[in-house]
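Have a look at the structure below before the remarks.
Number of protein chains: 2
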Amino acid sequence: MNVGGQSLEFILVKFPSLELSESLLRNSLKRREFVTVAGNCECRYTGRASSHLGWGERLILIKGDGSIQVHRPKGYEPVNWQPPQCNFYVHRSGGLLFIEAHRRRPRESLTLNFDRIIFYSSFKPVDNAEFNLYVSEEQMRDALIRDPSILEDGLELVDFERKVEPGFIDFYGRDADGRLVIVELKRSQAGKEAILQLKRYVDAVLKITGQNVRGVLAAPRLKSGAQGLLVELGLEFRRLTPRKCAEVLKKSGTRKISEFI
Amino acid sequence: MNVGGQSLEFILVKFPSLELSESLLRNSLKRREFVTVAGNCECRYTGRASSHLGWGERLILIKGDGSIQVHRPKGYEPVNWQPPQCNFYVHRSGGLLFIEAHRRRPRESLTLNFDRIIFYSSFKPVDNAEFNLYVSEEQMRDALIRDPSILEDGLELVDFERKVEPGFIDFYGRDADGRLVIVELKRSQAGKEAILQLKRYVDAVLKITGQNVRGVLAAPRLKSGAQGLLVELGLEFRRLTPRKCAEVLKKSGTRKISEFI
DNA sequence: GCCTAGGTCCCGTGT
DNA sequence: ACACGGGGCCTAGGC
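Heads up: the protein sequence lines correspond to chains U and L, in order. Position 197, counted from 1, in the first sequence is what the working numbering calls 197; the numbers after and before it change by one each time, with no gaps. Position 96, counted from 1, in the second sequence is what the working numbering calls 1096; the numbers after and before it change by one each time, with no gaps.
Next up, the structure:
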């Protein structure tokens, strides 16, 4: 595609026969095109689990990376799918068109059989654009590293992504009074999971260093009901928003962010 | 659709102008049809996070339930999306076609602008089929309820989905020696999260009852490395497979299962 | 409305 | 290869 409006290996067919659909599919799969098929079908999946979906009209996407998804008329998520790197097999039998998508590791397969195709489309989209997402938890950590004072005056970085037994500590620092501070970051509101995660880190560091350790949960806000557990476990909460972090990143010279805040 | 091969409000257009695309879209959105659009576009999202995706050729699905997804040529997951119940706004400006999808709670919006449409399709799929999935964790719980002995001789049900402070206990029972048993089920291999989840329940029940409580993790297998934590926390592992559970369900009269094992 | 937990989660990253 | 944690996770079920 992308040839000034001129069709380049772009196929669009209304009500193709199963025979035609079969040959179009074989061709598109070989060329690793982006295939869109609407049709009346039945779906069976077996692998990590098993499923069956009776006859109905759906839209199927097959991408050049070997992923497939079956979309019903409602619902954000596909009803059946396979992640990239599947092997596809197409054949006709008993007046039906079969599409099979097989995967190893885990070993599983998805089989669709069609009795009617509503439309068939295939093309090779040209898409080399960069995708940027703001602000991830990782970027919040970067902001905190660049300016720990956004969390608390006098806070200083000692280390980040420090490995202790239960996992990785987002931010490991020292406060104005010289006490160790462990910070657990959450991009959105923090719940019990985050609190317990922080507690594990605090316990682990206490065990290793023997020193007094502060555990600080930094997030836009606490989920209601989490406050109790936090206090009970002797931990602290500090409000930290993605927006604030974005400002820090912008100020400290990271471009790209600027257009989005 | 579904009228013996006859087109009923089914539209398929190759290279529609932006003007035509706009009017087709307005119509389809009003009728809550399933829309498939391929075109060259730029995408901006803002809400729980923010993102920008430069120009490129993609496939967009808009469903009658108000969900939208933008698919790049690779990757199982859409690069941008909105879940069901969005409000859509379509307009043309500066030689571009804009599609906006807005959501409240959380407040967020996705905006696509196109400079070229490769194809446009809309139809109203007829799909009333039942979807059945085997074997879910819930079904494994049902099997364990019907025959607790599959986990351990003498085990008896006391309650299930019992609410304690941290959450819901899958299976709450009593062993041959009269001790309380808390079972955490996993349909696939269990890792640290499952162990910690179980530990929370055990602690909570211990606190409430003051009795000796056994914590049992039931899953097809443990992830390597999880064994240590399990032992450390004084918990037990029992192998339980979906297959075994399916057999119990089949024996105890649940149909449908039979075709999938 | 919030919270909790499951999912054929997917996916990136590290060991 | 496998384990671990994040995700704009989405979705279902309880309260």
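Using N, Cα and C, we set each Cβ at its ideal position, and we do this for glycine too. Treat the numbers as computed from the prediction; the structure is a model and nothing was measured.
Any chain U beta carbon closer than 9 Å to residue i
i: residue 1248 of chain L; result: no
i: residue 1020 of chain L; result: no
i: residue 1065 of chain L; result: yes
i: residue 1127 of chain L; result: yes
i: residue 1088 of chain L; result: no
i: residue 1001 of chain L; result: yes
i: residue 1069 of chain L; result: yes
i: residue 1042 of chain L; result: yes
i: residue 1209 of chain L; result: no
i: residue 1025 of chain L; result: no
i: residue 1038 of chain L; result: yes
i: residue 1058 of chain L; result: yes
i: residue 1084 of chain L; result: yes
i: residue 1152 of chain L; result: no
i: residue 1054 of chain L; result: yes
i: residue 1073 of chain L; result: yes
i: residue 1010 of chain L; result: yes
i: residue 1130 of chain L; result: yes
i: residue 1201 of chain L; result: no
i: residue 1049 of chain L; result: yes
i: residue 998 of chain L; result: The requested residue 998 of chain L does not occur in the structure, where chain L is confined to residues 1001 to 1261.
i: residue 1076 of chain L; result: yes
Supposed contact pair residue j and residue i - C-beta distance, whole angstroms, cut 8 Å
i: residue 174 of chain U; j: residue 181 of chain U; result: 6 Å
i: residue 124 of chain U; j: residue 9 of chain U; result: 6 Å
i: residue 21 of chain U; j: residue 120 of chain U; result: 6 Å
i: residue 116 of chain U; j: residue 19 of chain U; result: Not confirmed; about 13 Å, so no contact.
i: residue 129 of chain U; j: residue 1054 of chain L; result: 3 Å
i: residue 57 of chain U; j: residue 1065 of chain L; result: Contact flag wrong, Cβ pair sits at about 15 Å.
i: residue 131 of chain U; j: residue 113 of chain U; result: Not confirmed; about 35 Å, so no contact.
i: residue 156 of chain U; j: residue 148 of chain U; result: 6 Å
i: residue 1070 of chain L; j: residue 1025 of chain L; result: In fact, because the Cβ distance is near 15 Å, the residues do not count as touching under 8 Å.
i: residue 222 of chain U; j: residue 230 of chain U; result: 7 Å
i: residue 76 of chain U; j: residue 246 of chain U; result: Between residue 246 of chain U and residue 76 of chain U the Cβ distance is about 27 Å, and since that is not below 8 Å, they are no contact.
DSSP bridge partner residues for residue i (one or two, in chain order)
i: residue 195 of chain U; result: In the DSSP output, where bridge partners are listed per residue, residue 195 of chain U has none listed.
i: residue 90 of chain U; result: U/99
i: residue 1081 of chain L; result: L/1069
i: residue 238 of chain U; result: U/218
i: residue 56 of chain U; result: U/41
i: residue 1117 of chain L; result: L/1039
i: residue 246 of chain U; result: Answer is none; residue 246 of chain U lacks a bridge partner.
i: residue 123 of chain U; result: U/34
i: residue 251 of chain U; result: Bridge partners of residue 251 of chain U: none, in fact.
i: residue 1014 of chain L; result: L/1119
i: residue 184 of chain U; result: U/217
8 Å Cβ shell around residue i - same chain, five flanking residues per side excluded
i: residue 153 of chain U; result: 176
i: residue 244 of chain U; result: 143, 150
i: residue 219 of chain U; result: 185, 186, 187, 188, 189, 190, 194, 237, 239, 240
Contacts around residue i, its chain only, beta-carbon distance under 6 Å, and the 5 residues preceding and following it disregarded
i: residue 236 of chain U; result: 216
i: residue 1214 of chain L; result: 1179, 1181
i: residue 1014 of chain L; result: 1119
i: residue 1011 of chain L; result: 1122
i: residue 1072 of chain L; result: 1058, 1079
i: residue 1206 of chain L; result: 1213
i: residue 38 of chain U; result: 59, 118, 119
i: residue 1253 of chain L; result: none
Residue i at chain L interface by Cβ criterion, 9 Å
i: residue 79 of chain U; result: yes
i: residue 163 of chain U; result: no
i: residue 16 of chain U; result: no
i: residue 192 of chain U; result: yes
i: residue 232 of chain U; result: no
i: residue 28 of chain U; result: no
i: residue 134 of chain U; result: yes
i: residue 261 of chain U; result: With a pLDDT of 34 at residue 261 of chain U, under the threshold of 50, the modelled position of that residue is not reliable, and the figure given next carries that caveat. Cβ-Cβ to chain L under 9 Å: yes for residue 261 of chain U.
i: residue 107 of chain U; result: no
i: residue 118 of chain U; result: yes
i: residue 188 of chain U; result: yes
i: residue 124 of chain U; result: yes
i: residue 34 of chain U; result: yes
i: residue 148 of chain U; result: no
Close beta carbons around residue i, own chain, < 7 Å, minus the five adjacent residues each side
i: residue 63 of chain U; result: 34
i: residue 1160 of chain L; result: 1141, 1145, 1170, 1171, 1172
i: residue 1082 of chain L; result: 1067, 1068, 1101, 1103, 1110
i: residue 1211 of chain L; result: 1180
Residue i Cβ short of 8 Å to the ligand SAM heavy atom set
i: residue 205 of chain U; result: The model depicted lacks the ligand SAM and carries no ligand whatsoever.
> Which runs of the beta strand (DSSP E), 3 residues or longer, sit entirely within the region 1202-1235 of chain L?
Replying inline: Here the runs fully enclosed are 1213-1219.
>> Quick check on the DSSP output: what are the complete beta strand (DSSP E) runs of length 3 or more inside the region 1020-1053 of chain L, in order along the chain?
In response: Counting only runs of 3 or more, we get 1034-1046.
> What are the uninterrupted segments assigned as beta strand (DSSP E) that are 3 or more residues long and contained completely in the region 128-182 of chain U, given in chain order?
Replying inline: Inside the region 128-182 of chain U, DSSP marks whole beta strand (DSSP E) runs of 3 or more residues at positions 131-134, 156-164, 167-174, from first to last along the chain.
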